[in-house]
Every structure is written in C-alpha cells, then in structure tokens.
Amino acid sequence: MSTEPNVSIRSMSSDDLDTVADLYREMYREQSGMGMVMSFQEEAVRDLLEVQVKSRFFISLVLVDGDRVTGFAVGSMMKTPTKYKLEGQALLGFIQDVYVPPLARKSGAGRALVAALEAAFRAQGISYVELHVLEGNEIGQAFWQSRGYQPVLRVLYKHLDEGESM
Numbered sequence: 002m003s004t005e006p007n008v009s010i011r012s013m014s015s016d017d018l019d020t021v022a023d024l025y026r027e028m029y030r031e032q033s034g035m036g037m038v039m040s041f042q043e044e045a046v047r048d049l050l051e052v053q054v055k056s057r058f059f060i061s062l063v064l065v066d067g068d069r070v071t072g073f074a075v076g077s078m079m080k081t082p083t084k085y086k087l088e089g090q091a092l093l094g095f096i097q098d099v100y101v102p103p104l105a106r107k108s109g110a111g112r113a114l115v116a117a118l119e120a121a122f123r124a125q126g127i128s129y130v131e132l133h134v135l136e137g138n139e140i141g142q143a144f145w146q147s148r149g150y151q152p153v154l155r156v157l158y159k160h161l162d163e164g165e166s167m
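Oh and the sequence shown: position 38 is 39 in this note's numbering, straight run, nothing missing.
Printed below as a string of structure tokens:
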C-alpha cells in the first residue's frame, strides 16, 4: 500500500527488528510524558517483536520511506471473551501500537498504517477492533476518533502502597 511516491507499507521482517526496537524507544519517550505508568523494558522489545513477526495471531507492518523504516503498526487477533457476545464474532482485532515519528506526522502515514491494519483484520473476518490510548495523549485521542474509533471503556490504575490500609 502506498502513501506517497517513495513511501510504502509492508509486513515487518526479521531484518527490521533493530530499527523498530529503536522506534519503540522513541515512542516510549513520548508516552512517558503522557501518563504511562509502566516502564519500558528495552531488553525485551526485540525478542517480543521477533515472536510477533513469526506469529499468525499478529499483524506487524512497517512504513518504509525509500529504503528506511520510519514507522510501524502492530495488531493482534484475540478471542472475544466467552462471557460476551459480539455479533457472532469469535475474534476481535486489537491495535497494539502504531508509531510515526513527530516529523512524519500529518503526512497521512499514520492513517495509511491504520488502514493497512484494518484491511488485514477484515481479511481475517474481523469486524471489531479495540485499542488503548493514553489519557494524556490528546493528539492520539483526536487521531483515533477521526478514524471512527469511539471511547467505550476507561482503564484505571492505582499504585498500592505498602503502608496503605482500609
């Protein structure tokens, strides 16, 4: 799928893992200023990506500008919880991460990555997609809502201190 004359989207390969791991580091640096409560485990990212690239339950894409990987998108397919029914859907798409560096934003690259993920989900018979966006990521929230995603569930975190009691 092309976004611009020299820009394309393709499946992530093992050759891309170091570059994508670097992009994950950039993404986390941004997220850490938006309320992310989890710390980034640098040493685990490349191994995780390697597993995802080989798994049939993950869709791993890269944005390529010329011969350089400049962004990525990772989605997964998960079973719909058995306690719920979702119009006969056995699988739900989940967008794990989409990242385009700040200088490449507003170019259509993010929209193209998301469209490619959605097309891959549709090809698997999936018609519902879920994702999480940080509360402090107002630009991300606006982006996802502009793509038709709507807030349905709010995830809350609490750090339990040792001294805290009822």
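Think of the CB as a built atom: it goes at the ideal place given N, C-alpha and C, for glycine as much as any other residue.
Contact between V101 and G72 is confirmed by a C-beta separation of about 4 Å, below the 8 Å threshold. K55 sits in a helix when the DSSP states are folded into three classes. For F41, there is no enclosing alpha helix (DSSP H), as DSSP marks it with neither H nor E.
Counting other Cβ atoms within 10 Å of its Cβ, I140 stays below 16 and is therefore classed as exposed. Per DSSP, reduced to three states, the secondary structure at D48 is helical. A Cβ-Cβ separation of about 13 Å leaves L18 out of contact with L62 under the 8 Å criterion. Counting every other CB atom within 10 Å of its CB across the protein chains shown gives Q53 a total of 16 or more, marking it as buried.
The beta carbon of L135 sits closer than 8 Å to the beta carbons of Q32, M35, G36, M37, G141 from its chain, once the five residues preceding and following it are set aside; these are given in chain order. Runs of beta strand (DSSP E) with 3 or more residues, each lying fully within the segment 110-165, are found at 130-132, listed in chain order.
Secondary structure note for Y25: its alpha helix (DSSP H) is the uninterrupted segment 18-33. The shortest CA-to-CA distance from S128 to any of I96, Y158, A143, F144 is the one to I96. Remark: C-beta atoms of V130 and F122 approach each other more closely than 7 Å.
The alpha-carbon of E88 is positioned some 34 Å away from that of S14.
Residue burial annotation: G149 is exposed, with fewer than 16 other C-beta atoms found within 10 angstroms of its C-beta. DSSP lists A74 as the bridge partner or partners of V99. With respect to the 7 Å criterion, L49 and A110 are not classified as neighbours on the basis of their beta carbons. Here V156 is exposed, its C-beta having fewer than 16 other C-beta atoms within 10 Å. In its chain, beyond the 5 residues on either side, L18, A22 have a beta carbon closer than 6 Å to the beta carbon of R47.
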